[in-house]
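Everything in the sequence shown is counted per full-length UniProt numbering, starting at 1 for the first residue and increasing by one.
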Amino acid sequence: MFKKFNLLLVGIILIFGAFLPQGKSIAATGSITISTDTVNVRGGPGLSYPLVKIAKRGEKYSIVSEKDDWIEIQLSFGKTGWVVNWLVSKENAATTASTAKASGSKSTSAAAKTDQLRVRSGPGTSFPIVGFLNKGQQVTVLDQNENWCKISSSSTEVWVASDFLEYKTVKQENTPAMPPEKTVTSGVVNGDTLNVRKEPSSSSTMVGKLTKGTTVTIYSKQNNWMEVGFSSLRGWVSAEFIDTSASPPSNDTAKKQSSGMNGTVTAGSLSVRSGASLDSGIIGSVSLGQSFTILEEFNNWAKIEFKSGSFGWVAGWYLEKSAVKTNTGQAVKESKVTILQNGTNIRKGPNVQSDVVERANAGDTFSVQSLANDWYEVKLKNGKTGFVAGWIVSTNGANPQIVKSGAEGYLKNKTIVLDPGHGGGDNGATGAAGTLEKELTLRTAQLLYDKLRAAGANVYLTRNNDSFLPLPSRVNTARAYHADAFISLHYDSNLDRSVRGMTGYYYHSYQKSLADTLYASTVAQTKLKNRGVRFGDFHVVRENSQKAVLMELGYLSNPEEEMTLKSSGFQESAASGLYDGLARYFKSN
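Following this line, the structure appears as structure tokens:
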């Protein structure tokens with residue numbers, strides 16, 4: 001009887017064992033080392049998955065599995081995360097390498113969905129514009145938060161709004177190695193404006209334009225089309241508009257082929273590059289107020305003779321353009337500014353100390369006469385001129401849109417600790433529709449983290465995933481890093497579901513100024529009900545020897561406000577408000 005029972009038991013174990021999930025092999029697939037300063041570790045194989053950890057350069061992790069261009073890594077016992085494979089280096093992964101070679105590898109890329117897509121130095125509209133993308137232009141996405149993408153650039157980290165990128169995964173098939181391409185010849189554009197297309201067809205997507213007199217490299221020919229290259233642009237053009245018999249224009253010829261416009265430098269120091277892109281090498285520099293004849297324009301870049309016999313390209317949005325003066329001495333200005341707010345001051349001189357000569361209202365337009373630092377000289381209705389600050393108007397025409405700079409300067413090298421409230425088994429408040437406070441605070445903190453890092457601040461998160469951290473440990477983080485500011489992020493709740501709005505808290509008197517400044521900026525950006533700044537007996541501010549505040553960024557218990565709080569738009573506004581508030585605080589302190 002016992003023998004039959006034992007045989008039956010063994011049979012059951014074998015049957016169930018065949019259907020139990022098999023463990024993933026870790027050692028067999030090797031390990032990875034983080035090869036850039038920071039890498040976001042996400043909850044799944046894609047940029048849309050939540051951030052669970054920020055890994056740093058040099059850290060090593062065991063590989064659990066791979067999917068497309070993502071690698072699953074072991075974080076701790078029973079917990080894993082995913083990283084993109086182009087930001088790490090593999091070790092002991094011969095098997096993986098041979099598999100990838102046989103099946104082909106993939107790389108994530110995206111293309112601009114619109115012309116003149118602004119590229120900024122950080123993830124937010126308050127960051128300076130450093131370039132533009134044309135419709136269809138492809139970029140490699142390095143990282144992404146809810147609203148912004150960090151894209152590859154040979155010079156620095158740059159960001160674009162994610163809504164204006166179209167994502168695609170490009171599969172690189174195995175093809176025989178090809179010898180390096182050789183230049184066939186060169187040619188000169190003989191049409192006024194020549195469209196450059198992705199494929200040799202008039203119905204193909206346009207990737208750029210070339211102007212008359214531009215010298216291009218010809219790589220190949222197909223029927224009536226030529227594959228050409230100029231600077232970072234490469235594509236197909238109609239062969240009839242390329243003169244292959246003409247020699248490249250000499251310096252003297254280039255001078256004669258000017259655009260009929262002068263450009264005056266509006267930046268303190270402006271780099272001159274070898275080509276019309278931020279990726280081109282720097283070959284010189286020009287200074288504020290210098291004026292040059294614009295020889296050629298391409299994708300908002302201008303070609304100039306920056307010194308005798310030396311030609312290069314500068315960013316056109318840092319040039320004040322005017323027509324080349326004729327015999328009458330009259331310079332034609334092409335720009336107008338539009339007033340954005342009622343009661344805008346127009347002053348006698350280009351500074352806030354000058355007398356106000358007129359007040360304008362939203363929608364009023366004025367012709368631009370000149371540019372003085374960050375102020376536009378405009379023509380008034382009475383025929384006289386006045387000055388208006390460039391960062392409080394919009395422009396239409398050749399003059400650049402001025403963005404008041406300075407935020408990054410006040411935040412650079414500051415040490416800031418961000419404390420996303422709750423986490424792990426502590427959910428915090430639960431919204432009327434089930435939104436968890438612990439998840440929302442982490443979203444806000446991660447958006448603010450990206451902005452502050454882009455500005456050059458030293459930023460630390462008390463938690464970067466769904467983990468529990470005791471209150472004393474959060475305070476100790478601020479003390480350990482000698483934080484210049486500690487911000488604890490929270491969302492509120494009340495039994496009365498009609499209660500709504502934002503509240504700021506401090507405990508010590510030395511914290512009040514930071515609380516006031518952060519609160520004023522954030523409530524103005526988000527447009528939530530103003531509940532004011534108050535004394536609050538909370539551990540993270542009471543026990544904190546650093547300048548610390550606790551922000552309650554709205555009520556999850558209010559169903560209508562909950563919908564607002566969890567939207568990407570609100571999250572961006574809240575992070576931007578906190579970012580601007582920190583800059584204002586450090587500017588004054």
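All residues carry an ideal CB built from backbone N, CA and C; glycine is no exception.
Under 8 Å between C-beta atoms of residue i and residue j
i	j	result
residue 320	residue 371	yes
residue 585	residue 495	no
residue 225	residue 237	yes
residue 423	residue 474	no
residue 529	residue 501	yes
residue 38	residue 54	yes
residue 534	residue 510	no
residue 599	residue 126	A question about residue 599 goes unanswered here, because the residues of the chain that appear run from 1 up to 589.
residue 243	residue 188	yes
residue 432	residue 562	yes
residue 358	residue 386	yes
residue 540	residue 355	no
residue 514	residue 455	no
residue 521	residue 124	no
residue 147	residue 568	yes
residue 428	residue 437	yes
residue 655	residue 550	Because the chain spans 1 through 589 in this model, residue 655 falls outside it and cannot be assessed.
residue 219	residue 229	yes
residue 435	residue 421	no
residue 574	residue 553	yes
residue 166	residue 113	yes
Residues near residue i in its chain [Cβ-Cβ closer than 8 Å; skip 5 each side]
i	result
residue 458	413, 414, 415, 416 and 481
residue 291	262, 263, 264 and 265
residue 472	539 and 543
Own chain residues within Cβ distance below 7 Å of residue i, not counting five before or after
i	result
residue 339	360, 361, 362, 363, 364 and 393
residue 267	288 and 318
residue 45	67, 68, 70 and 82
residue 469	423, 462 and 463
residue 570	526 and 564
residue 74	26, 61, 62, 64 and 80
residue 117	132, 133, 160 and 164
residue 222	200
residue 347	354, 355, 356, 357, 386 and 387
residue 375	350, 387, 388, 389 and 390
residue 48	none
residue 588	none
Cut-off 6 Å between Cβ atoms - residues of its own chain near residue i, not counting five sequence neighbours on either side
i	result
residue 140	109 and 152
residue 136	111, 205 and 207
residue 280	273 and 274
residue 477	417 and 462
residue 507	541 and 542
residue 41	52, 53, 55, 81 and 83
For residue i: DSSP bridge partner residues
i	result
residue 206	197
residue 485	416
residue 159	120 and 150
residue 226	221 and 237
residue 317	Note: residue 317 sits in no beta bridge, so no partner.
residue 144	149
residue 439	DSSP lists no partner for residue 439.
residue 293	262
residue 271	285
residue 555	492
residue 47	For residue 47, which the question treats as bridged, DSSP gives no partner whatsoever.
residue 243	188
residue 386	378
residue 167	110
residue 548	486
residue 425	In the DSSP output, where bridge partners are listed per residue, residue 425 has none listed.
residue 132	118
residue 589	Partner(s): none; residue 589 has no beta bridge.
Beta-carbon separation (whole angstroms), residue i vs residue j, contact threshold 8 Å
i	j	result
residue 492	residue 449	Not really, about 22 Å apart at Cβ, beyond 8 Å.
residue 145	residue 447	5 Å
residue 194	residue 241	5 Å
residue 286	residue 306	6 Å
residue 343	residue 312	Contact flag wrong, Cβ pair sits at about 44 Å.
residue 271	residue 282	5 Å
Any 3 or more C-beta pairs closer than 8 Å across the stretch 545-561 and the stretch 485-497: Judged by pairs of C-beta atoms under 8 Å, the stretch 545-561 touches the stretch 485-497, as three or more such pairs exist.
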